[in-house]
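K.L.:
By our numbering, the letter at position 4 of the sequence shown is numbered 163, and the numbering carries on one by one without gaps.
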Amino acid sequence: MDYLMWLIIALGFGIFAYLFYTRQFKWLFGVARNAAFGIVGILLFNFFFGGFGIAVGVNAVTTMVVGLLGAPGFLLLYATQLLVG
């Protein structure tokens, strides 16, 4: 099991080095920026509209949806909450 952990760490470092080398690092920063703004947006939206029963939890899945899709992902999360919840 210990070897698997080191393999995953080495693979992650390799992907990081590849992205840095190929100048795709800008894309990674864009996803991180969208995720950070998305978390703040979700928390603010939940604070103001949570009393109406419209709230989305902050977790890894919602953070990645907003990080990868940006504002449309944010709207998608709340539209899904309205339809399902």
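Ideal placement from N, C-alpha and C gives every residue a C-beta, glycine not left out.
Indicate whether the contact test is met: 3 or more Cβ pairs, each with one atom in the region 223-240 and one in the region 183-194, closer than 8 Å.
P.N.:
Enough Cβ pairs lie closer than 8 Å, so yes.
K.L.:
Can you give the Cα-Cα distance for Val243 and Gly209, rounded to whole angstroms?
P.N.:
Distance between the alpha carbons of Val243 and Gly209: 16 Å.
K.L.:
Does Ala214 come out as helix, strand or coil in the three-state DSSP assignment?
P.N.:
Here Ala214 sits in coil by DSSP.
K.L.:
Between Thr222 and Phe196, what straight-line distance do the alpha-carbon atoms span, to the nearest angstrom?
P.N.:
So the alpha carbons of these two residues sit roughly 10 Å apart.
K.L.:
For Leu241 and Ile201, which I take to be in contact (beta-carbon distance under 8 Å), what is that distance rounded to the nearest angstrom?
P.N.:
In fact, because the Cβ distance is near 15 Å, the residues do not count as touching under 8 Å.
K.L.:
Could you give the distance in angstroms between the alpha-carbon of Val217 and the alpha-carbon of Ile198?
P.N.:
For Val217 and Ile198, the distance between alpha carbons rounds to 7 Å.
K.L.:
Going by DSSP, what residue range makes up the alpha helix (DSSP H) through Thr221?
P.N.:
Counting along the chain, the alpha helix (DSSP H) containing Thr221 begins and ends at Ala219 to Leu228.
K.L.:
Should Phe233 go down as buried or exposed, given a rule of 16 or more other Cβ atoms within 10 Å for buried?
P.N.:
When all chains shown are included, Phe233 counts as buried.
K.L.:
Could you tell me the distance, in whole angstroms, from the CA atom of Leu163 to the CA atom of Leu235?
P.N.:
When rounded, the distance between both Cα atoms is 36 Å.
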